[in-house]
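In this note's numbering, the protein residues as written are 280 to 410. For every residue, glycine included, the Cβ atom is placed at its ideal position computed from N, Cα and C. Everything numeric in this text was worked out from a predicted model, so none of it was measured.
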């Protein structure tokens with residue numbers, strides 16, 4: 280029990296527009312994994328505007344990365360840590376990343392033990408991209 284927080288636990292952990300680089304995304308993922316381990320019943324919602332880095336290749340040509348590497352890093356690090364994240368598209372470049380749906384949370388509250396939104400440890404996590 281935390282001397283400051285006592286038995287308090289958040290219902291929802293929210294972050295928005297915070298993944299600008301792969302490094303920051305990995306740090307956010309580490310923080311989210313720690314929070315999800317401490318408060319396994321909390322929902323996680325991350326709002327993210329997709330960005331693709333622009334760079335010069337070896338021939339000096341200007342290129343754009345194929346995918347949003349920061350978003351990919353966030354999902355990969357959480358997956359490696361055993362927590363499934365779903366990625367859903369709200370608009371052309373706006374996505375929401377969630378750890379569990381409200382339906383899954385309701386099932387957990389009612390005692391269903393096979394809730395896919397729970398952190399279960401490495402090797403069980405999957406990455407799914409929504410439409």
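| Asked | Found |
| --- | --- |
| Under the three-state DSSP convention, the category residue 342 falls into | strand |
| Euclidean distance between Cα positions of residue 283 and residue 332 | 41 Å |
| C-beta atoms of residue 375 and residue 367 nearer than 7 Å | yes |
| Meets three-Cβ-pair contact criterion under 8 Å: the region 316–326 and the region 339–349 | no |
| With 16 other Cβ atoms within 10 Å as the buried cut-off, status of residue 277 | Here the chain covers residues 280 to 410 and nothing more, so residue 277 does not appear. |
| Cβ-based burial, residue 365 [other Cβ within 10 Å; buried from 16] | buried |
| Proximity to residue 305 [Cα-Cα], best of 372, 369, 359 | 359 |
| Same chain, Cβ closer than 8 Å to residue 296, five either side skipped, listed in chain order | 326, 327, 328 |
| Cβ-based burial, residue 288 [other Cβ within 10 Å; buried from 16] | exposed |
| Where residue 313 falls, given that 16 or more other Cβ within 10 Å makes a residue buried | exposed |
| Straight-line Cα distance separating residue 286 from residue 349 | 33 Å |
| Residue closest to residue 372, alpha-carbon to alpha-carbon, out of 319, 298, 330 | 330 |
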